[in-house]
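Okay, so here's the structure we're looking at.
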Amino acid sequence: MTHRAVAKLQALVRIPTVSDRDPTLVDPEPFDALLDELARQFPVLHDRLELTRVDTHGLLFRWPGRSDARPVVLMAHLDVVPVEGSAPWQHPPFGAEIHDGAIWGRGTLDDKGAVVGICEAVETLLERGFVPGQDVWLSFGCNEEVSGTSAQLAVAELEHRGVRPWFVVDEGGAIASEAFPGVGAPIGVVGVTEKGVTSIELRVEGRGGHASTPTRMGPTARIARAITRLDRAPMAASVPDPTVELFRRMAPHASLALRPLLANAARLRPVLTRALIAAGPEPAAMTRTTFAITTLAGSPALNVIASTAKAGVNIRIMVGDTVAGVLEHVRRTIDDDQVQVEIVERNEPSPVSPYDDEAFALIEDTITEVFPDAVPAPYVMMAATDARFFTAICARVYRFAPFRMTKAQRESIHSYDEHLRIDALVDGVRWYERLIERIPG
Ligand SMILES: [Zn+2]
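Numbering (the numbering used here), first residue to last: 1170 to 1610.
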């Protein structure tokens, strides 16, 4: 018999809850429909847990436990990214069709699989009359994909109630197979920090004028020089502590050639840093703050000299660096006081959550119990999640979704052919169930 969570996930995936940076462009109807569907699919949860609505469609549930001294927060988000019309999906992105033992569609991995995993675990435990050892809060945001306010408002609500979570689990990591070349076992990667997303705009103003009488070093040339200078001067690279620990844990499962390097990662940091940088953009991003020049604007007409030239720079700040330090690097590298630097968005990297204490051990042991072949390990997340807002009220914020994912599946997130295997969904439900059961009272 198919697990009942399958039909529930299908029902949620069929509702296209696409968020948008501009709240006025968000269609509230699918979000209303999703909340209705959620209530229909998880009746006991909705009957027994206290619900606070946050933001337009964010949900914050409280499940009272035997104690409220060390509350636990389980997070997921209800919104999804849009589907590009031209993307070559094998199956309809909002069809939630089942093919080859998997449910296909936008949001199966990111992040409705986790919504169903959490809710189904809670529903099952409630049906059994289980009472958790500690208060368990469920926080489901409605605008994670567009850096919306939902999670921040949930944090404000918890703060207002004086809730200091013991630990928080949100999306981010996974049971990742083919995670590293030469490492056979799947790695249960638990994000313990994430890079800070900061955006700046470089701008040069000039006289403009007719293109027949140009001067040297006009705004566009200056912007171009600034960009190439920045491109040629990466920030200092290193291997941060959580990555050293990740490598150390992977070592016994790595190929013989790789094993000594990974096992001695702490001592061999400089060698490892160089190896990662040489291995390509993705491993290189694990070692340092990155700069991506994304937008570029000059004159709107071919025969007009630009009076303003602009370039947008998306910066991912590595743990250990700071916004101030990065800006200092930018100004020093560009070395041109006619180039104005304006901060569009600033986020420091998240503080590193401990990976040597009781809370992490609980997550780790539950991974080992449900996924005996996987190696649990901390890691530094490259992307941003809602979890970062919880670092304001909690020292232990872990980014982990308990689903087996291949490399192709990880690449399908925000892309096409996103799908979650049915057996992976069932394991995920069991992981959340066991985690809740193991929370000590
Ligand atoms: Zn997500």
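Ideal Cβ placement from N, Cα and C applies to all residues, glycine included.
Just the C-alpha distance for residue i and residue j, rounded to the nearest angstrom, thanks.
i	j	result
Pro1469	Glu1514	26 Å
Gly1317	Asp1189	9 Å
Leu1194	Ile1356	39 Å
Gly1449	Gly1342	21 Å
His1172	Pro1547	31 Å
Gly1254	His1260	13 Å
Ala1393	Leu1465	10 Å
Glu1370	Val1284	36 Å
Gly1264	Ser1308	26 Å
Phe1349	Ala1577	13 Å
Could you give the C-beta distance for residue i and residue j, rounded to a whole number, given that I count them as a contact under 8 Å?
i	j	result
Leu1243	Val1338	5 Å
Tyr1524	Glu1414	6 Å
Gly1270	Val1182	So it is not a contact: roughly 16 Å between Cβ atoms.
Met1232	Asp1280	Reading off the sequence shown, one finds Trp at residue 1232, where the question assumed Met. Not a contact, Cβ separation roughly 20 Å.
Pro1240	Val1332	6 Å
Arg1485	Thr1502	Arg1485 to Thr1502, Cβ: 17 Å. No contact.
Helix, strand or coil for residue i? Go by DSSP, reduced to three states.
i	result
Ser1319	helix
Asp1216	helix
Asp1555	coil
Trp1232	strand
His1246	strand
Arg1330	coil
Lys1281	helix
Ala1176	helix
Arg1485	strand
Trp1600	helix
Gln1303	strand
Asp1205	helix
Ala1345	strand
Asp1224	coil
Gly1286	helix
Thr1186	coil
Ala1454	helix
Asp1269	coil
One question on the structure: do residue i and residue j come within less than 8 Å of each other, judged by their Cβ atoms?
i	j	result
Leu1441	Leu1430	yes
Leu1229	Trp1306	yes
Val1175	Ile1287	no
Glu1517	Val1492	yes
Pro1411	Val1549	yes
Val1223	Leu1322	yes
Thr1221	Glu1326	yes
Gly1375	Gly1360	no
Gly1616	Gly1597	One cannot answer for residue 1616 here, as it falls past the ends of the chain, which runs 1170 to 1610.
Arg1573	Ala1593	yes
Cys1311	Phe1200	yes
Thr1560	Pro1520	yes
Ala1320	Asp1555	yes
Ile1536	Leu1294	no
### Query
Whole alpha helix (DSSP H) runs in the segment 1376-1449 with 4 or more residues, listed along the chain?
Runs found: 1388-1401, 1410-1419, 1428-1432, 1438-1447.
#### Entry: alpha helix (DSSP H) runs contained entirely in the segment 1554-1596, provided each spans 4 or more residues
For the alpha helix (DSSP H) assignment, the uninterrupted runs of no fewer than 4 residues enclosed by the segment 1554-1596 are, from N- to C-terminal side, 1556-1559, 1576-1581.
### Query
Along the chain, which unbroken stretches of the alpha helix (DSSP H) at least 4 residues long are found entirely within the segment 1456-1507?
With a minimum length of 4 residues, the continuous alpha helix (DSSP H) runs that stay inside the segment 1456-1507 are 1492-1503.
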